[in-house]
Amino acid sequence: MQNLQRTQRQPVDAGVKIQVEAEAMQKLWLWTDFAKGEVSCLGLVDEVVSSETGRTTALIVTDFFLVKQQCTYEETDMDVADIARLIAELESKGIDSRKLRCWAHSHGSMSVFWSGQDESCISGLANNEWLLSLVVNKRRDTQMRLDQFHPSHMYIPDVQWEVKYPLVDGLAVACFDEFKTKVRETTFLKRTREDQLVRRDMILDELDEASARGALTMEELDDELNWLGIERDDFEQY
Ligand SMILES: [Zn+2]
Numbered sequence: 002m003q004n005l006q007r008t009q010r011q012p013v014d015a016g017v018k019i020q021v022e023a024e025a026m027q028k029l030w031l032w033t034d035f036a037k038g039e040v041s042c043l044g045l046v047d048e049v050v051s052s053e054t055g056r057t058t059a060l061i062v063t064d065f066f067l068v069k070q071q072c073t074y075e076e077t078d079m080d081v082a083d084i085a086r087l088i089a090e091l092e093s094k095g096i097d098s099r100k101l102r103c104w105a106h107s108h109g110s111m112s113v114f115w116s117g118q119d120e121s122c123i124s125g126l127a128n129n130e131w132l133l134s135l136v137v138n139k140r141r142d143t144q145m146r147l148d149q150f151h152p153s154h155m156y157i158p159d160v161q162w163e164v165k166y167p168l169v170d171g172l173a174v175a176c177f178d179e180f181k182t183k184v185r186e187t188t189f190l191k192r193t194r195e196d197q198l199v200r201r202d203m204i205l206d207e208l209d210e211a212s213a214r215g216a217l218t219m220e221e222l223d224d225e226l227n228w229l230g231i232e233r234d235d236f237e238q239y
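Residue numbering for the sequence shown follows my numbering, beginning at 2 and increasing consecutively.
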């Protein structure tokens, strides 16, 4: 069933940057579009560790691989033997197969969420360590999840992530130059202060006019001025 009401989600900052390289993401979108229903793939994840602190600062999905699988409109079942084949193939190329730490799958035309089946697939693939999971659909909805299984199972069902675009030589400098030439930024503070003063003058004009018409008693005028934080003497000078 299609979920027509899209509620605003608030992905959580996992305290580590999570990215998927643009070309890998493009492969996932292509397979998502080719599939009638669901489809799965496995991703290689680079763990970026700070040399200063020894802490992981980023998890970057660098590539996705398709393995043999049985799929329906609601299910995707990867062939275990073909996952083993993929692992052997990576190892033969000198790629550490323990970096296969992302499972991505598409829900086809359905909404994105974590089903009971997805949960058991995640714990199977995580192998008692950690795993990134990405669920997408044909409408380009996405949801990223981070699970850890040691020392206990904890997960964030909706983490912040982004596509990592390749660096284009000179693009940052060119954009910066164009921005500096065409965009004039006034400070927010100044604008607010100006707005406040304009608004204050408008109210004072109105009060002045109202008291001249006799529409305001002295008491009411005092109340209004008091509320605006203006002394009676200052108002009369104004
Ligand atoms: Zn699913």
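Backbone N, C-alpha and C define an ideal beta-carbon position, used for all residues, glycine too.
So if DSSP puts residue i in a beta bridge, which residue, or which two residues, is it bridged to?
i	result
Tyr74	Partner(s): none; Tyr74 has no beta bridge.
Cys176	Answer is none; Cys176 lacks a bridge partner.
Gln144	Val136
Rounded to whole angstroms, what is the Cα-Cα separation between residue i and residue j?
i	j	result
Leu147	Ser134	6 Å
Thr143	Val136	6 Å
Glu92	Gly125	21 Å
Asp202	Val160	48 Å
Asp206	Thr187	28 Å
Gln11	Lys100	28 Å
Asp196	Arg214	27 Å
Phe180	Gln27	29 Å
Glu120	Pro167	32 Å
Asp223	Arg194	24 Å
Asp170	Asp14	30 Å
Gly95	Asp80	23 Å
Please go through the same chain and pick out, in chain order, the residues whose beta-carbon is closer than 6 Å to the beta-carbon of residue i, but skip the five residues on each side of it.
i	result
Val62	Val21, Ala25, Gly44, Val46, Cys103
Would you say residue i lies against chain C (beta-carbon separation less than 8 Å)?
i	result
Leu87	The structure shown contains no chain C; it is built from a single protein chain.
If you drop the 5 nearest sequence neighbours on each side, which residues of the same chain put their C-beta closer than 8 Å to that of residue i?
i	result
Gln118	Glu76
Asn138	Thr33, Ser107, His108, Gly109, Ser110, Met111, Ser112, Val113
Glu39	Cys72, Thr73, Tyr74, Glu75, Glu76, Thr77, His106, Ser107, His108, Gly109
Val50	Arg56, Thr57, Thr58
Can you give me the Cβ contacts of residue i inside the same chain, cut-off strictly under 7 Å, excluding the 5 residues immediately before and after it?
i	result
Glu48	Thr57, Leu60
Asp83	Val68, Lys69
Phe66	Cys42, Leu43, Leu87
Determine the extent of the beta strand (DSSP E) in which residue i is found, giving its start and end residues.
i	result
Gly125	Segment 117-127 is the alpha helix (DSSP H) holding Gly125; no beta strand (DSSP E) there.
Glu22	18-22
Trp104	101-107
Which residues have their C-beta within less than 5 Å of a heavy atom of ligand 2, listed in chain order?
Judged by which ligands are present, ligand 2 is missing from the structure shown, whose ligands are ligand 1.
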